[in-house]
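Residue numbers (the numbering used here): 214 to 339.
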């Protein structure tokens with residue numbers, strides 16, 4: 214199995230059930246901004262690894278939304294393509310991005326004015 218299978222014994226059963234019940238993609242409106250959340254891509258087939266240098270990255274700019282937040286690659290990026298803000302926060306739990314020294318990270322989204330910031334942090338427990 215993959216990371217999820219190896220981590221399964223450490224995941225609270227209620228959280229695992231909740232997560233299994235969530236949609237693969239979600240569209241919400243936040244402060245009048247259309248936000249698309251997905252793990253890998255808004256298009257089929259799911260599961261493609263779209264890294265910032267990939268030509269396929271341009272497809273995120275062809276979505277009918279103001280903001281796309283995705284993950285899957287664990288590679289940080291903030292880009293604007295065709296007036297769509299594209300955000301991949303990296304990883305809050307499995308640091309793989311060598312560009313930030315394999316530190317954990319998260320993204321902070323501001324809706325007015327529209328912007329995003331990625332914050333790197335140390336995984337060492339407090």
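Where a beta carbon is used, it is the ideal one built from N, C-alpha and C, also for glycine. All of these numbers come straight from a predicted model, not from anything done at the bench.
- Message: Could you pull the DSSP bridge partners for residue 240 from this structure?
- Response: Here residue 240 is taken as the residue at index 27 of the chain shown, counted from 1. Answer by DSSP bridge pairing, in chain order: 249.
So what does DSSP say about residue 422, is it helix, strand or coil?
Here the chain comprises residues numbered 214 to 339, so residue 422 is not present and cannot be evaluated.
| said: Taking the straight line between their C-alpha atoms, what separation do you get for residue 268 and residue 274? | reply: The residue you call residue 268 lines up with position 55 of the chain shown. The residue you call residue 274 lines up with position 61 of the chain shown. When rounded, the distance between both Cα atoms is 12 Å.
On a CA-only basis, which of 246, 305, 231 and 223 is nearest residue 332? Give me that one, please. Within the chain shown, the letter at position 119 stands for residue 332. Minimum Cα distance to residue 332 is reached at 305.
Discussion item. Which residue wins for smallest C-alpha separation from residue 248, given the options 226, 336, 317 and 327?
Written reply: By 1-based counting over the chain shown, the position of residue 248 is 35. Cα-wise, what sits closest to residue 248 is 327.
- Query: For residue 223, which residues of its own chain have a beta-carbon under 7 Å away from its beta-carbon, when the five flanking residues on both sides are left out?
  - Reply: Position 10 of the chain shown, counted from the start, is the residue given in the question as residue 223. The answer is none, since no qualifying residue turns up.
Query raised in the report: Name the DSSP bridge partner or partners of residue 323?
Result: By 1-based counting over the chain shown, the position of residue 323 is 110. DSSP output for residue 323 lists 328 as bridge partner(s).
**Q.** Cα-Cα separation between residue 286 and residue 322, rounded to whole angstroms
**A.** Walking along the chain shown from the start, residue 286 turns up at place 73. Walking along the chain shown from the start, residue 322 turns up at place 109. Between residue 286 and residue 322, the C-alpha separation is close to 19 Å.
Note to self: If I measure Cβ to Cβ from residue 299 and keep anything under 6 Å in the same chain, skipping five residues before and after, which residues do I get?
What the structure shows: Mapped onto the chain shown, residue 299 falls at position 86. Hits under 6 Å: 273, 281 and 292.
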